[in-house]
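Taken in order, these protein sequences are the chains called A and B. Per the numbering used here, the first sequence runs over residues 378 to 493. Per the numbering used here, the second sequence runs over residues 337 to 447. Cβ coordinates follow ideal geometry from the N, Cα and C atoms, glycine included.
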Amino acid sequence: GAVVSQHPSRVICKSGTSVKIECRSLDFQATTMFWYRQFPKKSLMLMATSNEGSKATYEQGVEKDKFLINHASLTLSTLTVTSAHPEDSSFYICSAGTGFRTDTQYFGPGTRLTVL
Amino acid sequence: GEDVEQSLFLSVREGDSSVINCTYTDSSSTYLYWYKQEPGAGLQLLTYIFSNMDMKQDQRLTVLLNKKDKHLSLRIADTQTGDSAIYFCAESLDSSYKLIFGSGTRLLVRP
């Protein structure tokens, strides 16, 4: 089946620094990638949708200047958490889709971000 | 508003059936999904049901949908230790990409 990877799987950074998380579709071309955030014992919250070659669409309440998304190619999307603060600590999960039907979304394993 | 709720934990013995329940609030949901998340792995789509269906069966998995009560359940027959994972239900309001997830139910299968 389709495989989506994320890198790094775990990152610890100091407050005020920026962190970049990569999401790659390994064996298919993803026209659309999605970024989710998951708090402990909470559900996944969609942060933004990125389409290759165009600007990302952010969900209400998500700061676009805080969470920069770049979808430079059909196999790579990056999420940069700028000027990270402890409240940004969370589990970030990406998914990649070949279309808009949700049965064609494939999820990455997630990245655990801890901001000290 | 949109809200999907699940119980946090379920423990069953190997060979028994497991039933994971989910309630949702938005009556305009068109698709409802069950995902499985194993440690260190991404969410895996197990099955989904269209809102005009009451039941869907796929091998050991049976999904029941009660639209009147906005209740969705996933039954796993002959539960195995490999079924231990976190199970998420999710809804979408149309056939587009946006998924609204529950908080996940951790299933523990005891030998």
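Helix, strand or coil: how does DSSP classify residue i here?
i: G418 (chain B); result: helix
i: E350 (chain B); result: coil
i: T481 (chain A); result: helix
i: D465 (chain A); result: helix
i: L408 (chain B); result: strand
i: F416 (chain A); result: coil
i: T452 (chain A); result: coil
i: D362 (chain B); result: coil
i: D390 (chain B); result: coil
i: Q448 (chain B); result: Only positions 337 to 447 of chain B appear in the structure, and residue 448 (chain B) is not among them; the question remains open.
i: R330 (chain B); result: The requested residue 330 (chain B) does not occur in the structure, where chain B is confined to residues 337 to 447.
i: F345 (chain B); result: strand
i: A413 (chain B); result: coil
i: Y433 (chain B); result: coil
For residue i versus residue j, is the C-beta distance shorter than 9 Å?
i: V355 (chain B); j: I436 (chain B); result: no
i: T376 (chain B); j: Y483 (chain A); result: Inspection of the sequence shows that residue 376 (chain B) is occupied by Gly rather than by Thr. Against a cut-off of 9 Å, the Cβ pair of Y483 (chain A) and G376 (chain B) comes out as no contact.
i: L451 (chain A); j: S382 (chain A); result: no
i: T359 (chain B); j: W370 (chain B); result: no
i: I389 (chain A); j: L456 (chain A); result: no
i: V348 (chain B); j: L444 (chain B); result: yes
i: A421 (chain B); j: R442 (chain B); result: yes
i: T475 (chain A); j: F405 (chain A); result: yes
i: V399 (chain B); j: L410 (chain B); result: yes
i: Q373 (chain B); j: Y433 (chain B); result: no
Under 9 Å between C-beta atoms, does residue i make it to chain A?
i: Q395 (chain B); result: no
i: V340 (chain B); result: yes
i: F386 (chain B); result: no
i: L410 (chain B); result: no
i: I436 (chain B); result: yes
i: L379 (chain B); result: yes
i: Y433 (chain B); result: yes
i: S365 (chain B); result: no
i: Y360 (chain B); result: no
With residue i and residue j assumed to form a contact (beta carbons below 8 Å), what rounded beta-carbon distance in angstroms separates them?
i: F444 (chain A); j: V458 (chain A); result: 6 Å
i: L401 (chain B); j: I385 (chain B); result: 5 Å
i: S387 (chain B); j: Y367 (chain B); result: 7 Å
i: L429 (chain B); j: S363 (chain B); result: Not quite, the Cβ-Cβ distance comes to about 10 Å (not below 8 Å), so this is no contact.
Quick check on residue i - is its C-beta less than 9 Å from some C-beta in chain B?
i: V381 (chain A); result: yes
i: M422 (chain A); result: yes
i: K432 (chain A); result: no
i: S472 (chain A); result: yes
i: Y435 (chain A); result: no
i: F444 (chain A); result: no
i: K373 (chain A); result: There is no way to answer for residue 373 (chain A), as the model of chain A reaches only from 378 to 493.
i: S402 (chain A); result: no
i: K397 (chain A); result: no
i: P486 (chain A); result: yes
Along chain E, in chain order, which residues have C-beta atoms closer than 8 Å to that of residue i?
i: Y423 (chain B); result: You won't find chain E in this structure, because its protein chains are A and B.
Three or more C-beta pairs below 8 Å linking the segment 408-421 of chain A and the segment 384-396 of chain A:
no
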